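Peer 1: Here you go, one structure.
Printed below as a string of structure tokens:
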């Protein structure tokens, strides 16, 4: 089995696969990653998640257009790196019994 690491170039190739109907994109092929951590209630683990998010952002900053705030159900426009600071602030301020999650999204032409 060949191991491949996700790079901006490989992500760009994935982003070009779509199903269209009558000129409208009805489905796109992409990727998602969901991580769960033991000890996720601790500030240290939550900050480690934020560090991973910063590293992901460094790879795909020009592709990220929206993010999901902690405990929200609507997307918010990602404006530079401000959403990363928001996530770190929430990691420090949430109580251990509150869940923390976040998601980022990229929609072509929506930067």
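Numbering (the UniProt record's numbering), first residue to last: 1 to 111.
Glycine residues also receive a C-beta, built at the ideal position from the N, C-alpha and C atoms.
The model shown is predicted, which means the values in this text are computed figures rather than measured ones.
Which residues in the same chain have their Cβ closer than 6 angstroms to the Cβ of residue 50, if we skip the five residues on either side of it in sequence?
Peer 2: 87, 88, 91, listed in sequence order.
Peer 1: What's the gap between the Cα of residue 81 and the Cα of residue 61?
Peer 2: Cα-Cα distance, rounded: 9 angstroms.
Peer 1: Using only CA atoms, which one of 20, 98, 84 lies nearest to residue 48?
Peer 2: Looking at the Cα atoms, 84 is the closest of the given residues.
Peer 1: Would you tell me roughly how many angstroms separate the C-alpha atoms of residue 72 and residue 20, rounded to the nearest one?
Peer 2: Whole-angstrom Cα-Cα distance: 30 angstroms.
Peer 1: Measuring straight from C-alpha to C-alpha, what distance separates residue 4 and residue 78?
Peer 2: C-alpha separation (whole angstroms): 28 angstroms.
Peer 1: Take residue 37 and list the residues in its own chain whose beta-carbon comes closer than 6 angstroms to its own, dropping the five residues that flank it on each side.
Peer 2: Hits under 6 angstroms: 45.
Peer 1: Give me the DSSP bridge partner(s) of residue 24.
Peer 2: According to DSSP, which records beta bridges pairwise, residue 24 is partnered with 21.
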